[in-house]
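Reading the sequence shown from the start, the letters are residues 1 to 358 in full-length UniProt numbering. Virtual Cβ for every residue (Gly too), placed ideally from N, Cα, C. Remember, it's a predicted structure, so these values are computed and weren't measured experimentally. This report concerns only the one structure given below.
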Amino acid sequence: MTLEVQTTHRLGGFSLDAAFSSDRGVTALFGKSGSGKTTLINIIAGLLSPDSGRIVLDGDIIMDSGNRSFTPPHQRRFGSVFQEARLFPHLSVRHNLTYGRWFAPANQTGQDFDRIVDLLGIEALLERAPTNLSGGEKQRIAIGRALLSSPRLLLMDEPLAALDEARKAEILPYLERLRDETDIPIVYVSHSVAEVTRLANRVVALEDGRVSASGDAATVLSLSALTSMIGRREAGCVIEANIEPDAGDDPRLTVIRAGETLFRVPKVSLPAGHAIRLHIAARDVLLAISAPQGLSALNIFEGRILEIGAEAQGAIDVRVDCGGNTIVSRVTAHSAERLALQAGMPIHVVIKSVALEQ
Ligand SMILES: Nc1ncnc2c1ncn2[C@@H]1O[C@H](COP(=O)(O)OP(=O)(O)OP(=O)(O)O)[C@@H](O)[C@H]1O
Numbered sequence: 001m002t003l004e005v006q007t008t009h010r011l012g013g014f015s016l017d018a019a020f021s022s023d024r025g026v027t028a029l030f031g032k033s034g035s036g037k038t039t040l041i042n043i044i045a046g047l048l049s050p051d052s053g054r055i056v057l058d059g060d061i062i063m064d065s066g067n068r069s070f071t072p073p074h075q076r077r078f079g080s081v082f083q084e085a086r087l088f089p090h091l092s093v094r095h096n097l098t099y100g101r102w103f104a105p106a107n108q109t110g111q112d113f114d115r116i117v118d119l120l121g122i123e124a125l126l127e128r129a130p131t132n133l134s135g136g137e138k139q140r141i142a143i144g145r146a147l148l149s150s151p152r153l154l155l156m157d158e159p160l161a162a163l164d165e166a167r168k169a170e171i172l173p174y175l176e177r178l179r180d181e182t183d184i185p186i187v188y189v190s191h192s193v194a195e196v197t198r199l200a201n202r203v204v205a206l207e208d209g210r211v212s213a214s215g216d217a218a219t220v221l222s223l224s225a226l227t228s229m230i231g232r233r234e235a236g237c238v239i240e241a242n243i244e245p246d247a248g249d250d251p252r253l254t255v256i257r258a259g260e261t262l263f264r265v266p267k268v269s270l271p272a273g274h275a276i277r278l279h280i281a282a283r284d285v286l287l288a289i290s291a292p293q294g295l296s297a298l299n300i301f302e303g304r305i306l307e308i309g310a311e312a313q314g315a316i317d318v319r320v321d322c323g324g325n326t327i328v329s330r331v332t333a334h335s336a337e338r339l340a341l342q343a344g345m346p347i348h349v350v351i352k353s354v355a356l357e358q
């Protein structure tokens, strides 16, 4: 499955000029509020006819302004999930789900229903009314309804934005299963670094209606140019890693390997080899010019400074190569001067905390 999108569109004072391509898995449209994510996903859905553009899914031309072709939304066979579940309150969960089948091809079988109910863990909810469901449960039904229409592409516009942290955590594993166990490509709009770090295979970063970066998720999310979009609190690096089979010397810890580097984190119950991403915020990384002694931090590595960023609000982001992984540290401009930091210099990084996005 390959999706190619190229479009321009003007909305009042805002102009969108974006192009990207994606294949299987989750492609996140990531950007700040007002960057054009919803406009772009609405154009893909066919809810908005752009000034110009071309959208091709697996060789099938969905729209092409060049030859005035435009497939109406209901004929695109794209499933949509929005911020609110938009379920029919007078229908049971089962009937809300089967409603989606009206749009599916005639040869669809009951097996799809059972498989999707199982995938989303909603068996026990089938006879309930939507009003009695939690926000997370409602979203799982909305996703099930979209899947039962046998979509060629799934469009999700901030599906977790209306949920609290506990509900988000409850639904994320189901989104991962959706990504890993179906062949349906997903275009996923979000402005949450944690969500995108956890779910996306590829990231298309949008800034003021333009694509400022696109590619593999860990690479794009680690770009220093994304700091303004990610926000200074969360900006840092994203590292692909795996759970090590050997748990190390302390059963209360888990060891995680990223290339040559071994991270130690508080115990997580994931099997050996399981792939995860580590998100390390730059503000959680300290630098030392000599090997630090007697610190409580679990992760202290030797590295070499790759790049010293520009000063912003009295702070500087320093990119350090640690065994092939780039770790970003934010230090005050004062400290950078005092330690005489410069590119190429050997350095020790002290990581105060590591967020795991499974
Ligand atoms: N109908 C409209 N007329 C004029 N301007 C519009 C219209 N719809 C959206 N815009 C503007 O287009 C820009 C992009 O909006 P869009 O909703 O695509 O952004 P977004 O990245 O999805 O934001 P958010 O994360 O807040 O949903 C915004 O500046 C918005 O004000």
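Let me know if residue i comes out buried or exposed under the rule of 16 or more other beta-carbons within 10 Å of its beta-carbon.
i, result
"residue 28", "buried"
"residue 7", "buried"
"residue 274", "exposed"
"residue 1", "exposed"
"residue 267", "exposed"
"residue 49", "exposed"
"residue 35", "buried"
"residue 303", "buried"
"residue 263", "buried"
"residue 11", "exposed"
"residue 277", "buried"
"residue 90", "exposed"
"residue 130", "buried"
"residue 334", "exposed"
"residue 291", "exposed"
"residue 14", "exposed"
"residue 314", "exposed"
"residue 3", "buried"
Give me the residue from the options with the minimum Cα distance to residue i.
i, options, result
"residue 269", "281, 255, 261, 278", "255"
"residue 279", "246, 356, 158, 294", "356"
"residue 348", "267, 306, 184, 163", "306"
"residue 215", "15, 25, 63", "25"
"residue 22", "338, 289, 186", "186"
"residue 169", "35, 135, 333", "135"
"residue 137", "167, 17, 71, 64", "167"
"residue 283", "246, 300, 237", "237"
"residue 140", "191, 53, 87", "87"
"residue 179", "191, 62, 163, 198", "198"
For a test of your reading of the model: does the CB of residue i fall under 7 Å from any non-hydrogen atom of ligand 1? Yes or no.
i, result
"residue 80", "no"
"residue 31", "yes"
"residue 35", "yes"
"residue 14", "yes"
"residue 274", "no"
"residue 90", "no"
"residue 191", "yes"
"residue 11", "yes"
"residue 7", "no"
"residue 39", "yes"
Identify, in the order they occur along the chain, each residue of the same chain with its Cβ nearer than 7 Å to the Cβ of residue i, setting aside the five sequence neighbours on each side.
i, result
"residue 47", "73"
"residue 289", "339, 347"
"residue 42", "48"
"residue 297", "350, 351, 352"
"residue 337", "none"
"residue 248", "255, 264"
Sorted by chain position, which residues of the same chain lie with C-beta nearer than 6 Å to residue i's C-beta, five sequence neighbours on each side aside?
i, result
"residue 227", "235"
"residue 121", "none"
"residue 200", "26, 28, 217"
"residue 359", "Outside the shown range of the chain (1 to 358) lies residue 359, about which nothing can therefore be said."
Mind checking which residues open and close the beta strand (DSSP E) that includes residue i?
i, result
"residue 379", "Because residue 379 is not part of the residues shown, which for the chain are 1 to 358, the question remains open."
"residue 307", "299–308"
"residue 62", "60–64"
"residue 279", "275–281"
"residue 349", "346–351"
"residue 26", "26–31"
"residue 204", "202–207"
"residue 54", "52–57"
"residue 213", "210–216"
"residue 319", "315–322"
"residue 258", "253–258"
"residue 329", "325–332"
Output needed for residue i: all residues of its chain with C-beta closer than 8 Å, excluding positions within five of it in sequence on either side, in chain order.
i, result
"residue 45", "73, 76, 78, 80, 155"
"residue 127", "92, 93, 94"
"residue 211", "18, 19, 20, 204, 205"
Grab the span of the alpha helix (DSSP H) containing residue i for me, first residue to last.
i, result
"residue 6", "Here residue 6 belongs to no alpha helix (DSSP H); instead the beta strand (DSSP E) covers 3–11."
"residue 90", "Neither: residue 90 is in no alpha helix (DSSP H) and is coded neither H nor E."
"residue 196", "193–199"
"residue 42", "37–45"
"residue 180", "165–181"
"residue 141", "135–148"
"residue 289", "Per DSSP, residue 289 belongs to no alpha helix (DSSP H) and is neither H nor E."
"residue 266", "Counting along the chain, residue 266 falls outside any alpha helix (DSSP H), though it belongs to the beta strand (DSSP E) covering 261–266."
"residue 230", "227–230"
"residue 76", "73–76"
Heavy atom of ligand 3 less than 7 Å from the Cβ of residue i, yes or no?
i, result
"residue 22", "This structure does not include ligand 3; its bound ligands are ligand 1."
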